[in-house]
Structure formats: C-alpha cells, structure tokens
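Per UniProt numbering, residue 1 is the first one in the sequence shown, and the count goes up by one each step. What follows is one structure encoded as structure tokens, with my remarks underneath.
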Amino acid sequence: MLLKPERQPEETKSYRAISLLPIPSKIYESLLLQRILPILKEKELIPDHRFGIRSKHATIDQVHRLTKYIMESLEGKSYCASAFLDISQAFDRVWHEGLLFKLKNALPDHLYGILKSFLQQRHFIVQQGEALSDLCPIKAGVPQGSVLGPILYLLFTADLPTSESLITGTFADDTAILATHSDPKIASQILQKGLNDISHWLKKWRIKANETKSVNVTFTLRRGSCPPVTLNNIVVSQADHVRYL
C-alpha cells in the first residue's frame, strides 16, 4: 500500500494498492493477447477515436487530433464547445457481466471461455507489513497490473456513443467531446445531445462519471462563451482551460 501524494495518512482512501500477479500468468496473458488483437483488427472492433492501449496511437497523436479540430474552429471564427469527462475508478468498476456479454459477441467461443475463466472467481488478499486481510472476492473491474486488463477495458467501452456532428477523443479512461458552430447556442446544443447519449450509455453499462471533476471549455477568438451543458442532469463546471492527457 502506497500513500498518495498530499493525502492524509489516517484516511483509507489516501492509499493506493499495488497488485502483484504471478509471472506465469502474465506470460500466458501476453500469448493470449497476440491471439486477440488480430481478431479485433479484422472485425474493426476498436473505434477510430480510441487512442492509447494501441500501437501507433500515442498520447501526442490524440492531442494533435483534437488540437487540429480546435484550430480549424478558430480559423473559421466559430465557437468550439467541449466537455472533458472524468470517469470514477474506470478500470476498477468494470461490470463483469456486461463485459462478458460484449466479449461473447466479439470473440470466438474458445477465447471467450478463457477470458470468462480469467475474470470470474478471482480473489485477493491485502498485505500491510506482517498483517494479512481475509480472502475477498473481486466482483468488478479488470485485474490491476494484468496484461489483458487494458484491452478488456477498451472492449468494454468501445461502443461509446458518437456522432458525425461532433468529435470524440478517448485515451484509456479520458474522454473528450467537442462540437463547433458559428452560433454558440447551437454548438452547446450539439454537445449536449452527445452528452445525453453518453449519459444513457453510462447508466446502461454501470459506469460512473464524476460530474464535479468534468470540465466544460469554450474555445473561440470571439467574445462570449457557449452556454453551459449538463451530464446526468448536473451542470458541468465551466473553465477557460483544461489539462488533457
């Protein structure tokens, strides 16, 4: 257990657990991943807006993609309304039944069976010094520190709603949505429609968004800003800048 920076040591939420998995398991996962990736590519199961956890889709590529969209909006003297969403404990809260449903539709039966066995009936023990906790079941999330964990999360979130009227950028659990229009009200309306679709999707797949940490930014060279937007009926905080990736 490691204490997070600038956190109070007497609070349990101040600590980050370090997961240790068997080396043979990681080797097997690596071999399994090499069987899975060609299938995902052949079936085009990974959306174009998804960067990270993929070869030749680095952080800087996603930043360039979104920056280009914003620059084109500025050059057109338009308003670019954006929302940068924060997902609470994204990898730790993955709904197993929902993930298995998606895996069954995406992969051959033999690979699905292996991944089902990989996810189900997992347990953990917490060690702090000489003290050991009881054996506890893992009821949600992808295994921390595993080779397959990132690609499983990617598959679980691959069907995030998108629209041709806006641009979506996802990198691991960071999600950005941008819409542009010469009228700031219409730009916000387009963005709000996208957020409404995402809100329904989040509820369906039991994914928790942190509305208070999500940010709404207007990019424009003109006066004024776009009207506020909501996520899950909560107004997203407006700011004049944002840190992304």
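Virtual Cβ for every residue (Gly too), placed ideally from N, Cα, C.
Taking the CA atoms as reference points, GLU130 sits about 43 angstroms from ILE60. Excluding sequence positions up to five before and after ARG122, its CB lies within less than 6 angstroms of the CB of ILE138, all in the same chain and listed in chain order. Going by DSSP, GLY129 is part of no alpha helix (DSSP H) at all; its letter is neither H nor E.
Of the residues LEU31, LEU221, VAL242 and LYS13, the one whose Cα lies closest to the Cα of LEU111 is LEU31. Shortest Cα-Cα distance from SER19 to any of MET71, ARG93 and GLY145 involves GLY145. Around the beta carbon of HIS64, a 10 Å sphere encloses fewer than 16 other beta carbons of the protein chains shown; the residue is thus reported as exposed. ARG7 has its alpha-carbon roughly 8 angstroms from the corresponding atom of TYR15. Non-local beta-carbon contacts of LEU2 in its own chain, meaning distances under 7 angstroms to residues more than five positions away in sequence, involve TYR15, ARG16 and ILE18 in chain order.
PHE51 has PHE171 as its beta-bridge partners, per DSSP. Within the same chain, and ignoring the five residues on either side of VAL242 in sequence, the residues whose Cβ sits closer than 7 angstroms to its Cβ are PHE84, VAL215 and VAL217.
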